[in-house]
Amino acid sequence: MPLARELTQLLKRYEKSQREDPFANPIQHLALELSRRLADGKLDIRDVEGLIGHLTIEGFSHRAARLGRYLGETGPAANDAALRALFHGLTRDAKGGTVPFAAFRRRVESEAFGAVFTAHPTFSLSGALMADLATLAAGRTADGAPLTEAAKAALLDRAAAVEHRPDEDLSLAREHALSLDAIANARAALGRAWGVLLDVARDAYPEDWRGLTPRLVTLASWVGYDLDGRSDIRWTDTLHKRLLVQAAQLDHYLSEVRAIRSGVPRGAADLLETLDLLESRVALAIAQIRDEVAAFAVADPGSAAGREQIRVISQRIHAGQALRLTESASLIAIVDRALERTEDPDLSRRFCLLRAELATHGLGAAHTHVRINATQVHNAIRKAVGMVSDPNDPRYRQSYLDRLNALLDAVEPMSVNFGSLLAERTSVKRLFMLLAQMLKYNDRSAPIRFLIAESESAFTCLTALYYARLFGVDGMVDISPLFETEKALENGSRIIEQLLENPHYRDYVRRRGRVCVQTGYSDAGRYLGQTPAGASIERLRLRLIRVIAKAGLPDVQLLIFDTHGESIGRGCHPGGIADRLSYVDPPATRAFMAEQGVAFKQEVSFQGGDGYLYFAHPDLAYAVVTRILHHVLVEVDDTRDDPFYDEASYIREFFTTVKEFQVRLMESRDYGVLLQALGPNLLFPSGSRATKRQHEDPGELDHAMPTQLRAIPHNAILMQLGLLANSVGGAGAAIAKDPERFRELYAASPRFRQLVGIITYGASASNPAAMKSYIDALDPGSWITRAAATGDRELADRMVALSGHLEPMPVCERQSRVFRALHKDFILLREGLESVAETSPHVDAASRDALAVLHAVRLALIQEIFLLAMRIPEFSSRHNLTLKQVIARVLHLDVLPAVQSLEEIFPLTEDTIAVADFGEAATYRSDESQNYQFENERIFRPMRQIYGLVRRVSAAVVHRTGFFG
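Okay, so the sequence shown: first residue is -4 according to the working numbering, each after it adds one.
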């Protein structure tokens, strides 16, 4: 596109002139050039819209290519060969002999890895665009046909014709549907992998292979079950989503059984009879589930009609309990019977695959993870133990534990029904009751994870254990504390140690066979900085291994669920999926587990739209599964020579320097202003969680704190402002303390290079000039300076008026204060990375240029909106809104509510009284009957249109960076 090329060339020229004039800002200069062309009529908004569309599609294509490179080989045949070699290696010992079948079986039937699908708000694209992006990345259509140049061009044309934004109906239901699509592709990828494994086993163990049930990788979901910080998800919503997961899996089983049956010879009567039984059992279960899906989809427990609906369906569920399918063991038994009735290797392979799915997934497409907050757990038990303060309060801590232990000593399981859930007002008790009903009526073959956010005390988990016993679910529910705060990461191993010293909890984990822990890279990174968070979580892992080894529980597995997103600010390594996996599950900790004899299962999250992208195409999903299996099955290299683990003092000082910088940021109200002045309104809503309007009055911004923003919008805003402070802030000062030592350790240590890869990518994606440009857009002085250089008197007057509105707002000054600290550190960082940046993960030069142009375009558009706001006419306060308040909204880019209010105040058409119908002529017309066509067409509608373009730029920025937040 000529305009895009011209702007890039202008940018280069402005960047070159900056070396001569350090006060110049290339992005501001380019934005000013665009503004002048718009004012002179050399460009119009349609031209800018075309430019944004072009840059968006270029970015879309670039993002697809990056995704393909990130996953590595995506060809199914090549990944078949890779897995064949990997599995064959498992059948061979060090001398090349065949490993005993029992040893091979133990290896492949042990759960080693879990993929967990969450609904974090990273849905920056519609489901259709996600599918197109994945198709481009794979280079093949969903049915496996190569993507020809003509097909690729048609796909890009289709993508160019739509707005790059999330689905309009981005509800929890839509998120859940997208998660089911991703899970279905993941399940199919696992099935293909297990097929390769069975083929290898058939060659290596021809007499035994039919006894294998591969279970190396599990799938789980918390979409619809994550109640942490959400009051909009009712228990009926959670149950409805769980029923949908079960219905999807049962439908899959039914189609598999029918496909197998179609290949059975008519003469195999015994086998056909067995398959008929299997088919009828699954079909009956589907019929029951469908009724319940329909009922709980509409039943509102808050209304009398809804409660009556629940009463009716509950009676039906209970009455049919004897015929309900509530575990997969009975189906597995039928599959085993079918296996006994055939010698055909292909049929046997299909039965083994079906058995593996039944054993691994149970009756649902994914295992169930529920999540709730520690505060909710404490509130539930507060009266029972006489809590008057935090459970860690040293004045009462032991007495709380003593009372809780007494409750655990005496607890007896109690039965519940759906009426119990209607009557219960305590969220934790209600959730445990719901789990009891799920296990009773839906699926008791797959365990349920009970995740507790912000856990900082053994008391929290013991309370959860008490309720698990009270409602009779402790045999199927794995309680898992989430360690994400600095305090929790430091004390997490001690909390687990205290729990294992408690006889109740020790007996519980011995019976369950696992100790479960969750870590949170997103929030840990938000408070500590991402690289210190990564290092801190690795230290926690090493301490946990020692605790489990010391506890003397040889049959208990350590399960660590690392929740991280797909962005560098939330713990996703940018170097490739192998680095993504080993960043959270480092070779050193795996080697230490093997040395200590600790059985281990790793789980990671795939969060929201960005996470589902990996599974939006069958070939991508298979590539992910191949890389996961390689990660968990290949013996880790000896990492004892890595100096990262010997340089304790330097490492501690390096990451402490970064952490202290980040802590200062998070405690700074100025940083809160920087994030929230414009940032939240640069983005489309990216999830179903309700987003409150940030600030209607500039005075509210004075009290803004960074902690008001969750990790995802925090990171997303930083990326849109052009400086990824969460990922790079403080690293410059850390390197500058001893640059030579940094370079030496970077060269010698794979683990240190991996951690620093987050920083190098973040630095290459950052441009301080962009952040400074957005800050200066709110600087009253810059608008006066610009007015002085503007020949158009009317335009200059509007700039002066804009300056007057900005003058009372301390926003620019406060943003500038924190920007200076960020910029100073970034200069140190740029110098420190000079010798390593090109050998580490980074954003390419073309993308950096595209990002700079996009920032300039958006800045020019924002300035157009501000100047249009100066044309809003005065109006009375009869609408409970003043002109000053409306303009304040606009200056924080809260444009849509502001325009909506203006359209109500100045309606395009007004209902008027027909004065000619009153018997006599009247030439006077009231001002109230005037039509505000000018204001709507020349001010309000353009503001709405331009704001839409501002947010469309954000999508292009995401494409070029590679992730949302």
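Ideal Cβ placement from N, Cα and C applies to all residues, glycine included.
The structure presented is a predicted model; accordingly, all values stated were derived computationally and were not measured.
(message) So the candidates are PHE650, TYR462, VAL723; which of them puts its Cα closest to the Cα of LEU817?
(response) It is VAL723 whose Cα lies nearest to the Cα of LEU817.
(message) Looking at the secondary structure, which residues open and close the beta strand (DSSP E) in which ARG366 lies?
(response) 362 to 368 is the extent of the beta strand (DSSP E) around ARG366.
(request) Name the two residues that bound the continuous alpha helix (DSSP H) containing VAL252. (result) Annotation for VAL252: the continuous alpha helix (DSSP H) segment containing it runs 230 to 257.
(message) With the cut-off set at 8 Å, would you say VAL599 and VAL240 are in Cβ contact?
(response) Cβ distance not < 8 Å, so VAL599 and VAL240 don't count as in contact.
(message) Would you call the segment 500 to 513 in contact with the segment 477 to 492, where contact means no fewer than 3 C-beta pairs closer than 8 Å?
(response) Touching, yes, given that three or more Cβ pairs across the two stretches are closer than 8 Å.
(message) Out of VAL551, GLN552, ARG575, which one is the CA nearest neighbour of GLU561?
(response) That would be ARG575, whose Cα lies nearest to the Cα of GLU561.
(message) Can you look up ARG512 in the DSSP assignment and give me helix, strand or coil?
(response) One point to set straight first is that residue 512 is Val, not Arg, in the sequence displayed. In this structure, VAL512 counts as strand in the three-state DSSP scheme.
(message) Just to confirm the assignment: which complete alpha helix (DSSP H) runs, minimum length 4, are found wholly within the segment 259 to 341?
(response) Under the rule that a run must span 4 or more residues, the alpha helix (DSSP H) segments found entirely inside the segment 259 to 341 read 264 to 293, 299 to 314, 324 to 335.
(request) In the DSSP assignment, find the alpha helix (DSSP H) that holds THR130 and state where it starts and stops. (result) That run of the alpha helix (DSSP H) goes 122 to 133.
(request) Express the C-alpha separation of HIS247 and ARG1033 in angstroms, rounding to a whole number. (result) Residue 1033 lies beyond the stretch modelled for the chain, which goes from -4 to 960, so this question has no answer here.
(request) Would you give the residue range spanned by the alpha helix (DSSP H) that SER30 belongs to? (result) Counting along the chain, SER30 sits inside the alpha helix (DSSP H) bounded by residues 21 to 35.
(request) Report all residues from its chain with a CB closer than 6 Å to the CB of PHE291; omit the five preceding and five following residues, and keep chain order. (result) The beta carbon of PHE291 sits closer than 6 Å to those of THR231, LEU234, HIS235, all from its chain and outside the five residues before and after it, given in chain order.
(message) Along the chain, where does the beta strand (DSSP E) containing LYS596 start, and where does it finish?
(response) For LYS596, the enclosing beta strand (DSSP E) stretches over residues 595 to 602.
(request) Identify which residue in ILE443, GLY957, VAL658 has its Cα closest to the Cα of GLN715. (result) The option with the nearest alpha carbon to GLN715 is GLY957.
(request) Could I get the ranges of all uninterrupted alpha helix (DSSP H) runs contained in the segment 479 to 567, with 4 residues as the minimum, in chain order? (result) Here the runs fully enclosed are 481 to 496, 498 to 507, 516 to 523, 525 to 546.
(request) Under the assumption that MET428 contacts VAL406 (Cβ atoms under 8 Å), give the Cβ distance between them as a whole number of angstroms. (result) Distance from MET428 to VAL406 at the Cβ level is roughly 15 Å; contact not present, criterion being Cβ atoms closer than 8 Å.
(message) Can you tell me whether ILE329 is buried or exposed? The criterion is at least 16 other CB atoms within 10 Å of its CB, across all chains shown.
(response) With 16 or more other Cβ atoms within 10 Å, it is buried.
(request) Using 10 angstroms around the beta-carbon of ILE822, count the other beta-carbons present and answer buried if the total reaches 16, otherwise exposed. (result) Here ILE822 is exposed, its C-beta having fewer than 16 other C-beta atoms within 10 Å.
(message) Helix, strand or coil, according to DSSP, for VAL468 in the structure here?
(response) In the structure shown, VAL468 falls within a coil segment according to DSSP collapsed to helix, strand and coil.
(message) Between which two residues does the beta strand (DSSP E) holding LEU446 run?
(response) Going by DSSP, LEU446 is part of the beta strand (DSSP E) stretching over 443 to 448.
(message) Helix, strand or coil, according to DSSP, for ASP194 in the structure here?
(response) The answer is helix: DSSP assigns ASP194 an H, G or I state.
(message) Rounded to whole angstroms, what is the Cα-Cα separation between ARG392 and LYS424?
(response) If you take the alpha carbons of ARG392 and LYS424, they lie about 23 Å apart.
(request) Compute the Euclidean distance between the alpha carbons of GLY508 and ARG332, then round it to the nearest angstrom. (result) Spanning the two alpha carbons is a distance of roughly 29 Å.
(request) Ignore the nearest five residues each way along the sequence and tell me which others in ARG866's own chain have a CB closer than 6 Å to its CB. (result) Same-chain partners within the cutoff: ILE934.
(request) Indicate whether SER309 and PHE413 have their beta-carbon atoms separated by less than 8 Å. (result) Taking C-beta atoms as the reference points, SER309 and PHE413 count as a pair closer than 8 Å.
(message) I need the DSSP call for THR421, collapsed to helix, strand or coil.
(response) Looking at THR421 - three-state DSSP - the assignment turns out to be coil, as it is neither helix nor strand.
(message) Output needed for GLY487: all residues of its chain with C-beta closer than 6 Å, excluding positions within five of it in sequence on either side, in chain order.
(response) Result list for GLY487: PHE478, LEU535, in chain order.
(request) Decide if the segment 207 to 220 is in contact with the segment 351 to 365; the criterion is three or more beta carbon pairs, one per stretch, under 8 Å apart. (result) With a cut-off of 8 Å, the segment 351 to 365 and the segment 207 to 220 count as touching, because enough Cβ pairs lie within range.
(message) With a threshold of 7 Å on Cβ separation, who are the neighbours of PRO209 within its own chain once the five nearest residues in sequence on each side are excluded?
(response) Excluding residues within five positions, the ones whose Cβ falls inside 7 Å are VAL103, GLU104, TRP189, LEU192, ALA351.
(message) Within 10 Å of its beta-carbon, does VAL668 have 16 or more other beta-carbons around it, so buried, or fewer, so exposed?
(response) By the 10 Å Cβ count, VAL668 comes out buried.
(request) Report the partner residues of ILE474 according to the DSSP bridge assignment. (result) Residue pairing for ILE474: DSSP places it in a beta bridge opposite PHE445.
(message) Looking at the strands, I want to know which residues DSSP matches up with ALA110.
(response) Paired residues: LEU214, VAL599.
(request) Please report how far the alpha carbon of LEU548 lies from the alpha carbon of VAL619, in whole angstroms. (result) When rounded, the distance between both Cα atoms is 33 Å.
(message) I believe ALA280 touches LEU320 by the beta-carbon criterion, under 8 Å. Please report the beta-carbon distance rounded to the nearest angstrom.
(response) Rounded, the Cβ-Cβ distance is 4 Å, consistent with contact.
(message) Give me the residue from LEU615, VAL838, LEU396 with the minimum Cα distance to THR455.
(response) The option with the nearest alpha carbon to THR455 is LEU396.
(message) Going by DSSP in three states, ASP839 sits in which element: helix, strand or coil?
(response) ASP839 falls in the coil class under three-state DSSP.
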